[in-house]
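Engineer:
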Amino acid sequence: MKARWLPNPALTLMLAILWLLLNNTLSFGQFLLGLFLGWAIPLLVRGFLVEVPRIRKPLQLCVFSLKVLFDIVVANVHVAKLVLGPKKNLRPAFIEVPMAIENEFVLSTLTSIISLTPGTVSACLSEDRQMLMVHALDVPDVDALIADVKRNYEAPLLEIFECSPT
Amino acid sequence: MPFWIEVLVSVFLIIGSLFALIGAIGLYRLPDFYTRLHGPTKATTLGVGGIVIASMIFFSSQNDGLSLHELLITLFLFLTAPVSAHMLAKAAMQQKLPAVEQTRGQPWD
Chain A
2 MKARWLPNPA LTLMLAILWL LLNNTLSFGQ FLLGLFLGWA IPLLVRGFLV EVPRIRKPLQ
62 LCVFSLKVLF DIVVANVHVA KLVLGPKKNL RPAFIEVPMA IENEFVLSTL TSIISLTPGT
122 VSACLSEDRQ MLMVHALDVP DVDALIADVK RNYEAPLLEI FECSPT
Chain B
1121 MPFWIEVLVS VFLIIGSLFA LIGAIGLYRL PDFYTRLHGP TKATTLGVGG IVIASMIFFS
1181 SQNDGLSLHE LLITLFLFLT APVSAHMLAK AAMQQKLPAV EQTRGQPWD
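Sequence lines, in order, name chains A and B.
The numbering of the first sequence is the numbering used here, which starts it at 2 and goes up by one.
The numbering of the second sequence is the numbering used here, which starts it at 1121 and goes up by one.
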């Protein structure tokens, strides 16, 4: 049973670090203020907080984050090329990607990653959370893109976070 | 400030502004709402990223100590950009905004 007065120690620490970063300082007073804010804010907004599943493989999470960052850079260059190239070469499409993730937090992480990486924007999640509508800027092959998303992002996320695929 | 830092800062500034410009061009030039959404959500991430890195290098070399609070800009951008893009796309689909002809798999037909 978690203590009622400190429901989320990890979040408290994270907010404190965030506060220090915001102030660009390492002074002790600011650290205390950060800890206080980190304690008070989660208490005030606890009704809105989503349960974050336990991270099973922290190391893999780091590798995955770096990979996503790299993909974002690649996506930028790719989209830049498409933007400057001739318009009729674009092959946009709406694609339905079936989702195997149940957990809210992981699902929103995945949709964010999809929006940030190569030529895709997540557009609509179906009511039952089984299908994610994705709009892609340029797809030669729809099935390849679905397989790509599943292999590169969904599978690692499922592996990193402790949750079972449906 | 040493010369090579100046060069480094300028390079990142140029890369950043170039990508921001391309994002803006995409917004202007692409044919329909959905494709236009791609310009601002992506090309600008790297645009802001480049400028943020330049700022970090500049201020770290100016004062003593690292200047890291620029990283937060990137963090907040990564948190908010996909959400706003998602909401915009969803709203557009609700309104059944027309997509260009060559779009495949249009959800409303």
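Glycine is no exception: its CB is placed at the ideal position from the N, C-alpha and C atoms.
(1) Beta carbon of Pro-1202(B), beta carbon of Ile-115(A): below 9 Å?
(2) Can you name the residues of chain B whose CB is closer than 9 Å to the CB of Thr-13(A)?
(3) What does Lys-1210(B) reach in chain A if we use C-beta pairs closer than 7 Å?
(4) If you check the beta carbons only, do Cys-94(A) and Val-53(A) fall under 9 Å apart?
(5) Leu-133(A) and Met-100(A) - do their beta-carbons sit closer together than 9 Å?
(6) In chain A, which residues lie less than 9 Å from Gly-1146(B) when you measure between Cβ atoms?
(7) When you compare only the Cα positions, how much space is there between Leu-117(A) and Leu-7(A)?
(8) Residues of the stretch 1178-1203 of chain B in Cβ contact with chain A at a cutoff of 8 Å, in chain order, please.
(9) Among Leu-19(A), Tyr-154(A), Gly-39(A), which one has its Cα closest to the Cα of Leu-1195(B)?
(10) Whose Cβ in chain A lies nearer than 7 Å to the Cβ of Val-1220(B)?
(11) Report buried or exposed for Ala-1209(B), applying the criterion of at least 16 other Cβ atoms within 10 angstroms of its Cβ.
(12) What residue does the alpha helix (DSSP H) around Ser-66(A) start on, and which one ends it?
(13) What's the C-alpha gap between Pro-59(A) and Pro-157(A)?
(14) Is the CB of Gly-120(A) under 9 Å away from at least one CB in chain B?
(15) Should Gly-48(A) be labelled buried (16 or more other beta-carbon atoms within 10 Å of its own) or exposed?
(16) Would you call the CB atoms of Ile-1177(B) and Ser-1137(B) closer than 9 Å?
(17) Let me see if you follow: with CB-CB separation under 9 Å, is Leu-1166(B) close to chain A or not?
(18) Assuming contact is defined by CB atoms lying nearer than 9 Å, are Ser-113(A) and Leu-1141(B) in contact in what I supplied?
(19) Please confirm if Met-100(A) has its CB atom under 9 Å from at least one CB of chain B.
(20) When the distance is taken between beta carbons, is Ile-161(A) closer than 9 Å to Ile-96(A)?
(21) Between which two residues does the alpha helix (DSSP H) carrying Pro-10(A) extend?
(22) Rank Met-1213(B), Ser-1175(B), His-1206(B), Ser-1187(B) by C-alpha distance to the C-alpha of Glu-1126(B) and give the top, closest one.
Structural biologist: Let's see:
(1) Position 82 of the second sequence holds residue 1202(B). Position 114 of the first sequence holds residue 115(A). In this structure, Ile-115(A) lies closer than 9 Å to Pro-1202(B) by Cβ.
(2) On the first sequence, residue 13(A) is found 12 positions in, with the first residue counted as 1. Those do not exist, as Thr-13(A) stays about 18 Å from chain B at its closest Cβ, beyond 9 Å.
(3) In the second sequence, counting from the first residue as 1, residue 1210(B) sits at position 90. Chain A residues near Lys-1210(B): Ala-124, Cys-125.
(4) For the purposes of this step, residue 94(A) is taken as the residue at position 93 of the first sequence. For the purposes of this step, residue 53(A) is taken as the residue at position 52 of the first sequence. Checking the displayed sequence, the identity of residue 94(A) turns out to be Ala instead of Cys. No; because the gap between Cβ atoms is not below 9 Å, this pair is not in contact.
(5) One-based indexing of the first sequence puts residue 100(A) at position 99. One-based indexing of the first sequence puts residue 133(A) at position 132. Closer than 9 Å, so yes.
(6) If you number the second sequence from 1, residue 1146(B) lands on position 26. Taking the beta carbon of Gly-1146(B) as reference, the chain A residues within 9 Å of it are Val-80, Ala-81, Leu-83, Val-84, Leu-85, listed in sequence order.
(7) Here residue 117(A) refers to the residue found at position 116 when the first sequence is read from its first residue. Here residue 7(A) refers to the residue found at position 6 when the first sequence is read from its first residue. Looking at the two C-alpha atoms, the distance is approximately 34 Å.
(8) Under the 8 Å Cβ criterion, the stretch 1178-1203 of chain B contributes Ser-1187, Leu-1188, His-1189, Leu-1191, Leu-1192, Phe-1198, Leu-1199, Ala-1201, Pro-1202, Val-1203.
(9) Sequence index remark: in the second sequence, residue 1195(B) carries index 75 (1-based). The alpha carbon of Leu-1195(B) has as its nearest neighbour, out of Leu-19(A), Tyr-154(A), Gly-39(A), the alpha carbon of Leu-19(A).
(10) The sequence position of residue 1220(B) within the second sequence is 100, counting from 1. What Val-1220(B) touches in chain A: Pro-93.
(11) Translated into the one-based positions of the second sequence, residue 1209(B) becomes position 89. With 16 or more other Cβ atoms within 10 Å, it is buried.
(12) Taking the first residue of the first sequence as position 1, residue 66(A) is located at position 65. Start and end: 59-85.
(13) Within the first sequence, the letter at position 58 stands for residue 59(A). Within the first sequence, the letter at position 156 stands for residue 157(A). About 12 Å.
(14) For the purposes of this step, residue 120(A) is taken as residue 119 along the first sequence, with counting starting at 1. Answer yes: the Cβ-Cβ gap between Gly-120(A) and chain B drops below 9 Å somewhere.
(15) Locating residue 48(A) in the first sequence gives position 47, where the first residue counts as 1. Exposed.
(16) Position 57 of the second sequence, counted from the start, is the residue given in the question as residue 1177(B). Position 17 of the second sequence, counted from the start, is the residue given in the question as residue 1137(B). For Ile-1177(B) and Ser-1137(B), no; Cβs fall outside 9 Å.
(17) Your numbering for residue 1166(B) matches position 46 in the second sequence. Yes, contact with chain A.
(18) The residue you call residue 113(A) lines up with position 112 of the first sequence. The residue you call residue 1141(B) lines up with position 21 of the second sequence. Cβ distance not < 9 Å, so Ser-113(A) and Leu-1141(B) don't count as in contact.
(19) For the purposes of this step, residue 100(A) is taken as residue 99 along the first sequence, with counting starting at 1. No, no contact with chain B.
(20) Locating residue 96(A) in the first sequence gives position 95, counting from the first residue. Locating residue 161(A) in the first sequence gives position 160, counting from the first residue. Remark: C-beta atoms of Ile-96(A) and Ile-161(A) do not approach each other more closely than 9 Å.
(21) For the purposes of this step, residue 10(A) is identified with residue 9 of the first sequence, where counting begins at 1. 10-24 is the extent of the alpha helix (DSSP H) around Pro-10(A).
(22) One-based indexing of the second sequence puts residue 1126(B) at position 6. Of the listed residues, the one whose Cα sits closest to Glu-1126(B) is Ser-1175(B).
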